[in-house]
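In what follows, a structure is listed as structure tokens, so that the remarks can point back to it.
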Amino acid sequence: MSDPAESFDHDPAAEPYASMTKLEILDLMERAGGHDEWERLNAYLIDKMTSREMEAHARAVQIGRFLVGLYEADGTEQCAFLCGLAGRLAAEVAAGMPPIEPPEVVN
């Protein structure tokens with residue numbers, strides 16, 4: 002996954018994003034007008050995440066990209082729907098995935 006800040010001049014202190022909550026940025030992301038705007042907002046969202054949240058978010062983005070390709074989604078509404086689904090799935094897996102068991106228990 003590429004660094005979303007690579008494609009534009011990203012300043013974590015830029016307003017209004019620096020003063021916004023994660024939920025406010027996520028709301029903007031759901032209404033983003035295209036991929037470039039979504040990537041820009043994603044960079045500001047990442048600035049506010051813990052390492053655990055970043056890991057779940059990275060998984061959500063991977064799942065979202067997979068679903069968009071699988072369903073050949075076209076248009077903002079279809080992509081937003083699939084990416085929202087990917088986010089919920091990644092959050093559920095992050096919260097409920099059982100730990101890896103020792104090989105003698107698994108085999």
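For the sequence shown, our numbering begins at 2 and goes up steadily by one.
Ideal Cβ placement from N, Cα and C applies to all residues, glycine included.
Treat the numbers as computed from the prediction; the structure is a model and nothing was measured.
### Query
Taking Gln63 as the reference, which of Pro100, Leu90, Phe9, Ala33 has the closest Cα?
Sequence index remark: in the sequence shown, residue 63 carries index 62 (1-based). When only C-alpha atoms are compared, the closest one is Leu90.
### Query
What is the DSSP secondary structure of Glu56, reduced to helix, strand or coil?
Residue mapping note: residue 56 aligns to position 55 of the sequence shown, counting from 1. Of the three classes helix, strand and coil, the one that applies to Glu56 here is helix, per DSSP.
### Task
Give the straight-line distance between the Cα atoms of Ile101 and Ile47, rounded to the nearest whole angstrom.
Counted from its first residue, the sequence shown places residue 101 at position 100. Counted from its first residue, the sequence shown places residue 47 at position 46. Each residue's alpha carbon lies about 27 Å from the other.
### Message
How far does the alpha helix (DSSP H) with His36 in it extend, from its first residue to its last?
### Response
Within the sequence shown, the letter at position 35 stands for residue 36. Unbroken alpha helix (DSSP H) run through His36: 36-48.
### Task
Return yes when the Cβ of Cys84 is within less than 9 Å of the Cβ of Gly70, no when it is not.
Taking the sequence shown and counting its residues from 1, one reaches residue 70 at position 69. Taking the sequence shown and counting its residues from 1, one reaches residue 84 at position 83. No, the Cβ-Cβ distance between Gly70 and Cys84 is not below 9 Å.
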